[in-house]
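**Q**
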Amino acid sequence: MSFVITVYVPEAIVMASDSRQSITIAGQTPDGKKLPPVETIASDFTYKTFFLKKQRVGISAYGNSLLGKVQMESHIKRLEEEKLDDSDAVDKVADKLISYFKERFPDADTAFHIAGFKKEKGVSIPYVYACHIGRNERNRVNFNPGNNQVTYGCSWGGQSDIISTILKPYQILGPDNKPIPAPHIPIIYDSMNVQDAIDFTVYAVRTTIDTIKFQARAKNVGGSIDVLLLMPEEEKWMQRKELHAVTLVS
105 MSFVITVYVP EAIVMASDSR QSITIAGQTP DGKKLPPVET IASDFTYKTF FLKKQRVGIS
165 AYGNSLLGKV QMESHIKRLE EEKLDDSDAV DKVADKLISY FKERFPDADT AFHIAGFKKE
225 KGVSIPYVYA CHIGRNERNR VNFNPGNNQV TYGCSWGGQS DIISTILKPY QILGPDNKPI
285 PAPHIPIIYD SMNVQDAIDF TVYAVRTTID TIKFQARAKN VGGSIDVLLL MPEEEKWMQR
345 KELHAVTLVS
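The numbers in my numbering rise by one with no breaks, and the one at position 32 of the sequence shown is 136.
1. Taking all protein chains shown into account, decide if Trp-260 is buried (16 or more other Cβ within 10 angstroms of its Cβ) or exposed.
2. Report the rounded CA-to-CA distance for Gln-176 versus Asp-294, giving the unit in angstroms.
3. Would you mind giving the Cβ-Cβ distance between Val-194 and Gly-226, rounded to the nearest angstrom? I have them listed as a contact below 8 Å.
4. In whole angstroms, give me the CA-to-CA distance for Thr-133 and Cys-258.
5. Who are Lys-355's beta bridge partners in DSSP?
6. Return yes when the Cβ of Thr-128 is within less than 8 Å of the Cβ of Pro-141, no when it is not.
7. Could you give the residue range of the alpha helix (DSSP H) that holds Ala-308?
8. Give me the DSSP bridge partner(s) of Phe-107.
9. Beta strand (DSSP E) containing Asp-330: first to last residue?
10. So Glu-184 and Leu-201 are in contact, right, with Cβ under 8 Å, and what is the actual spacing, rounded?
11. Assuming Ser-106 and Tyr-166 make a contact with CB atoms under 8 Å, what is their CB distance in whole Å?
12. Taking the beta strand (DSSP E) that Ile-117 belongs to, which residues open and close that run?
13. For His-217, does the three-state DSSP call read helix, strand or coil?
14. Give me, in chain order, the residues of the same chain whose beta-carbon lies closer than 7 Å to that of Ala-301; leave out the 5 immediate sequence neighbours on both sides.
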């Protein structure tokens, strides 16, 4: 499991993800009896957010990430080499990504956030897509077709129960300690600045990691947090884990 989040505000799009990869192992006893499947941590250094430099598009992946027993990072690199053209805009990247994975893994329980800016009549328009391979879904989440307007907000995926409970509670305890409907307290993304958008993505991932740490549940979100900033004029990694050698102390 994973936790990824994409925040889209007037000046930028911010994408963030955790780094933990968990796998489920099904074992058996020496006499051949099947054991209950066990979920375990495979790595805390897994890339889930990617930046396509030539297309200026960000991608975050969640769900089943070991398709064909291959890391998602390898699939994204093959997508770049085999399918994408340098001039592909974000909408074309979304189409080609779905086609790439659908051809190879048609029933995969794998989902993506795909985001970037596209020039339309000289204006940079933000595009944010939520895609699912097995369900063949490609939805633009930052657009209201009713009024033909770009919208601002956030989308998350993966282990989202924690942040959903915090930001979208259904009930709270009233003065008499009985459940009452929770008030709707909005986050005004329309007026959120870039730094606050960055802080919000880190908060969402960090809160998920820290809460899972103390809950009696599978520890399937963890590791460091990668944060990608997309703006009309530039893109940059605000933080990203880097390859390194470990020095052993004797």
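In this text, a Cβ means the ideal position worked out from N, Cα and C, and glycines have one as well. These numbers come from a predicted model, not from an experiment.
**A** So, from the data block:
1. As a position in the sequence shown, residue 260 is number 156, starting the count at 1. Burial call: buried.
2. Within the sequence shown, the letter at position 72 stands for residue 176. Within the sequence shown, the letter at position 190 stands for residue 294. Per the sequence shown, the amino acid found at residue 176 is Met instead of Gln. For Met-176 and Asp-294, the distance between alpha carbons rounds to 33 Å.
3. Against the sequence shown, residue 194 aligns to sequence position 90. Against the sequence shown, residue 226 aligns to sequence position 122. Not really, about 17 Å apart at Cβ, beyond 8 Å.
4. For the purposes of this step, residue 133 is taken as the residue at position 29 of the sequence shown. For the purposes of this step, residue 258 is taken as the residue at position 154 of the sequence shown. Rounded to whole angstroms, Thr-133 to Cys-258 spans 46 Å at the Cα level.
5. Since the first residue shown for the chain is 105 and the last is 354, residue 355 is missing from the structure and cannot be characterised.
6. Along the sequence shown, read from residue 1 onward, the residue named residue 141 stands at position 37. Along the sequence shown, read from residue 1 onward, the residue named residue 128 stands at position 24. Yes.
7. Counting from 1 along the sequence shown, the entry for residue 308 is found at position 204. Here the alpha helix (DSSP H) through Ala-308 covers 298-318.
8. In the sequence shown, the residue the question calls residue 107 occupies position 3. Bridge partners of Phe-107: Gly-262.
9. Counting from one through the sequence shown, the residue named residue 330 turns up at place 226. Element bounds for Asp-330: 330-334.
10. For the purposes of this step, residue 184 is taken as the residue at position 80 of the sequence shown. For the purposes of this step, residue 201 is taken as the residue at position 97 of the sequence shown. Not a contact, Cβ separation roughly 10 Å.
11. What you label residue 106 is simply residue 2 of the sequence shown in a count that begins at 1. What you label residue 166 is simply residue 62 of the sequence shown in a count that begins at 1. For a cut-off of 8 Å, the C-beta gap from Ser-106 to Tyr-166 is around 4 Å, short enough to register as a contact.
12. Here residue 117 refers to the residue found at position 13 of the sequence shown. First-last of the beta strand (DSSP E) with Ile-117: 116-121.
13. What you label residue 217 is simply residue 113 of the sequence shown in a count that begins at 1. Strand, per DSSP.
14. As a working mapping, residue 301 is identified with position 197 in the sequence shown. Short of 7 Å from the beta carbon of Ala-301, and not among the five residues preceding or following it, lie these beta carbons of its own chain, in chain order: Val-111, Val-113, Ala-116, Val-118.
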